[in-house]
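A short worksheet on the structure shown next.
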Amino acid sequence: MSLSLLQEVLPHAVGLEPEGLLPARQQMALSLGWHIILASFGVAFPAIIWAAHWRGVYRGDDVALNLARRWAKVSAVLFAIGAVSGTVLSFEMGLLWPGLMGPYGDVLGLPFAFEGLSFFVEAIFLGMYLYGWGRVPPKRHLLMLVPMAIAGVVGSYCVISVNARMNMPVGFRVEDGQVVDVDPWAVLFNPGAILQFAHMWVAAYMVVGFTVAGVYAAGMLRGRRDRHHRLGFTIPFVFASAAAVVQPFLGHVLGLRIAEAQPAKLAAFELATETESPSPLRLGGLLIDGEVRYSLDIPGLGSIIARNSFTKPVQGLETIAPADRPPVNITHVAFQSMVGIGTLLFVAVLVYWFVRWRGRDLLDHRWTLRAAVAAGPLAVVAMEAGWIATEVGRQPWVVYGYLRTPDAAGDNPQIWILLVATAVLYTGLTVGAVVVLRSMARRWRAGEEDLPSPYGPESAAAGGASRPHDRGPEAS
């Protein structure tokens, strides 16, 4: 392995850094990468459940109502697990990054406070919705999903606004090494935050929509081709399809801001070692010993995509001090993985709906169902790759242009113990989630409709399975 690659993969091996830096980085990567999937369900799942419940109430569709009830119970399980990982993250910010939370705590406080309030609102209305079946009038029961969905969106936006401030700092000044003139509202309503959240929000619908649809596609592959499975596939797939079509345009608009705000990140995205006008689009490739290898270059297309111009160049890495450059290969590969998968899903949903518009039902073909099963994991990979590109591409900065990552980390080598404990915890939570959800699916297939909600009361005599819409076909 060349020295340049060694420095990128193992920067701690070739420089002096705080002993807590590497485990802090690894732990944040593990925690955020794991939690972001659960956060996506908190953002997107309530709206999907609302669509099924609305169809059941206003169109008298008992199958749709049954889907809404089951999905709500799944949402409760994921919410409970997400509460654990979110709590871990809240402690990690102060424990792992004292150099960030000390001086910049006043800047971050308001968004995190609103996120905490949103979490409690979402939990309250999720509980009311779960235990309202058979106890609350149907139309009023449906309305309980609205504040739950809004709280999920607001909470996620608050977290994204903090991340956007780290990428595009606003709302403070640094004077004599001290953070002064803090304006937390400017942080909360940073224009960069709005665009970054929109990108993340749509990605959440892709992850949740394709994943839930894939569950029912898998059921159809096993021969369960009843209306329950078709509707269970179609409702989330509609949401995912709309998100997949919108996402490339949102990503393009967000990318235009990066050229001005974070030129080093854009140079890594595009693998631009030199400033060229117009700049080529590089597909694939790695930077090895200062040279780009194994790439397919398309002349001029880089300027069109990255700068919205036929002539504007992508600023090259040669204009950026080596100490200010991000890990180029990791950033580039993650970015192109996100874009490549997003483009694939974009094309796939357009083909699916075009063929369906022409009168053919592709759900009768096994290859369509296999592709639908694969779409969920692909959307997850695209989201993870996008976060890697965003966070690694900001390096070596925690607060871009103000605070370097080594200066934010502590000097406690015992953080490795915490990393191992966190990995064990998340492994246990993952196994537990799989066991619980599979158990629920098996019981639904066996005809047990009135499964208890987490921490919920026993079924009331007036509710539960006695209602016709609670006796649906078998689940996936």
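Residues 6 to 481 in the working numbering are what the sequence shown spells out, letter by letter. Idealized CB from N, CA, C, for every residue including glycine. Note that this is a predicted model, so its numbers are computed, not measured.
Practice item. Express the C-alpha separation of residue 438 and residue 309 in angstroms, rounding to a whole number. Key: The sequence position of residue 309 within the sequence shown is 304, counting from 1. The sequence position of residue 438 within the sequence shown is 433, counting from 1. Spanning the two alpha carbons is a distance of roughly 44 Å.
Point to revise | Within 9 Å, strictly: CB atoms of residue 302 and residue 287 | key: By one-based count along the sequence shown, residue 302 stands at place 297. By one-based count along the sequence shown, residue 287 stands at place 282. Yes. Within cutoff.
Check your understanding: When DSSP labels each residue in this structure, what does residue 293 get in the three-state scheme?
Key -> Against the sequence shown, residue 293 aligns to sequence position 288. DSSP places residue 293 in strand when its eight states are reduced to three.
Practice item. Kindly give me the distance between the Cβ atoms of residue 219 and residue 234, rounded to whole angstroms, as I take these residues to be in contact under 8 Å. Key: Translated into positions along the sequence shown, residue 219 becomes position 214. Translated into positions along the sequence shown, residue 234 becomes position 229. That pair is no contact at about 12 Å.
**Study point:** Pick from 95, 395, 70 and 341 that is closest to residue 204, judged by C-alpha positions
**Key:** As a first step, residue 204 is located in the sequence shown; it is residue number 199 there, counting from the start. Closest by alpha carbon: 395.
Point to revise | residue 444 burial status per 10 Å Cβ neighbour count (16 or more: buried) | key: Within the sequence shown, residue 444 is the residue found at index 439, counting from 1. Exposed is the call here.
Review point. Could you give the C-beta distance for residue 166 and residue 116, rounded to a whole number, given that I count them as a contact under 8 Å?
Key: Residue mapping note: residue 166 aligns to position 161 of the sequence shown, counting from 1. Residue mapping note: residue 116 aligns to position 111 of the sequence shown, counting from 1. The Cβ separation is near 5 Å, so the contact holds.
Practice item. Return the chain-ordered ranges of every alpha helix (DSSP H) run that is complete within the segment 114-181 and spans a minimum of 4 residues. Key: 143-148 and 150-172
Exercise for review: Within the same chain, show all residues whose beta-carbon is closer than 6 Å to that of residue 318, passing over the 5 residues directly before and after it, in chain order.
Suggested key: Looking up residue 318 in the sequence shown gives position 313. 280, 281, 282 and 284, listed in sequence order.
Check your understanding: How close, in whole Å, do the beta carbons of residue 274 and residue 340 come, if the pair is a contact with beta carbons under 8 Å?
Key -> For the purposes of this step, residue 274 is identified with residue 269 of the sequence shown, where counting begins at 1. For the purposes of this step, residue 340 is identified with residue 335 of the sequence shown, where counting begins at 1. About 4 Å separates the two Cβ atoms, so the contact holds.
Check your understanding: Cα-Cα, which of 398, 252, 238 and 421 is closest to residue 377?
Key -> For the purposes of this step, residue 377 is taken as residue 372 along the sequence shown, with counting starting at 1. Among 398, 252, 238 and 421, the Cα nearest to that of residue 377 belongs to 238.
**Study point:** Cutoff 6 Å; reference residue 304; Cβ partners in own chain excluding five residues on either side
**Key:** Along the sequence shown, read from residue 1 onward, the residue named residue 304 stands at position 299. Excluding sequence neighbours, residue 304 sits near 285.
Practice item. Decide if the segment 174-190 is in contact with the segment 147-163; the criterion is three or more beta carbon pairs, one per stretch, under 8 Å apart. Key: no
Review point. In its own chain, which residues sit with a C-beta less than 7 Å from the C-beta of residue 236, not counting the 5 before and 5 after it?
Key: The residue labelled residue 236 in the question sits at position 231 within the sequence shown. These residues qualify, in order along the chain: 68, 69 and 72.
Review point. Whose C-beta lies closer than 7 Å to the C-beta of residue 474 among residues of the same chain, with five residues either side of it excluded?
Key: Translated into positions along the sequence shown, residue 474 becomes position 469. Because residue 474 carries a pLDDT of 42, less than 50, the predicted location of this residue cannot be relied on, and the following value inherits that uncertainty. These residues qualify, in order along the chain: 61, 67, 70 and 71.
**Study point:** When 271, 368, 370 and 290 are compared against residue 172, the one with the closest alpha-carbon
**Key:** Reading the sequence shown from its first residue, position 167 is the one you call residue 172. Out of 271, 368, 370 and 290, 271 has the C-alpha closest to the C-alpha of residue 172.
Review point. Hey, is the segment 290-301 in contact with the segment 252-267, meaning 3+ C-beta pairs nearer than 8 Å?
Key: no
Check your understanding: Hey, residue 392 and residue 37 are a contact pair by Cβ (cut 8 Å); roughly how many whole angstroms apart?
Key -> In the sequence shown, the residue the question calls residue 392 occupies position 387. In the sequence shown, the residue the question calls residue 37 occupies position 32. At roughly 7 Å, the Cβ-Cβ gap stays under 8 Å, so residue 392 and residue 37 are in contact.
Check your understanding: Which ranges does the beta strand (DSSP E) cover as unbroken runs of at least 3 residues, wholly within the segment 170-240, from first to last along the chain?
Key -> 178-180 and 183-185
Point to revise | Ordered list of alpha helix (DSSP H) runs contained in the segment 37-110, each at least 4 residues | key: 67-101
Point to revise | Inter-stretch contact (C-beta, 8 Å, three-pair minimum) for the segment 357-365 and the segment 225-232 | key: no
Review point. Can at least three beta-carbon pairs, one atom from the segment 117-132 and one from the segment 416-424, be found at a separation below 8 Å?
Key: no
Check your understanding: For residue 370, is the classification buried or exposed, using 16 other Cβ atoms within 10 angstroms of its Cβ as the cut-off for buried?
Key -> Stepping through the sequence shown from its first residue, residue 370 is reached at position 365. Its Cβ having fewer than 16 others within 10 Å, residue 370 is exposed.
Review point. In or out: residue 480 buried (at least 16 other Cβ within 10 Å) or exposed?
Key: Residue numbering aside, residue 480 sits at position 475 when the sequence shown is read from its first letter. With a pLDDT of 39 at residue 480, under the threshold of 50, the predicted position of this residue should be treated as unreliable, though the coordinate-derived value follows. That one is buried.
Point to revise | For residue 356, the first and last residue of its enclosing alpha helix (DSSP H) | key: As a first step, residue 356 must be located in the sequence shown, where it is residue number 351. Its alpha helix (DSSP H) spans residues 333-362.
Point to revise | Option nearest residue 431 by Cα separation, candidates 149, 83, 324 and 106 | key: Here residue 431 refers to the residue found at position 426 of the sequence shown. Considering only alpha carbons, the answer is 83.
Exercise for review: Starting from residue 425, trace the alpha helix (DSSP H) both ways and give me its first and last residue.
Suggested key: As a first step, residue 425 is located in the sequence shown; it is residue number 420 there, counting from the start. Per DSSP, residue 425 belongs to the alpha helix (DSSP H) from 420-450.
Exercise for review: Would you mind reading off the limits of the beta strand (DSSP E) that contains residue 404?
Suggested key: Taking the sequence shown and counting its residues from 1, the one referred to as residue 404 is at position 399. Unbroken beta strand (DSSP E) run through residue 404: 402-404.
Review point. Excluding five sequence neighbours on each side, which residues of the same chain lie with their C-beta closer than 6 Å to the C-beta of residue 208?
Key: Stepping through the sequence shown from its first residue, residue 208 is reached at position 203. Correct list, in chain order: 388.
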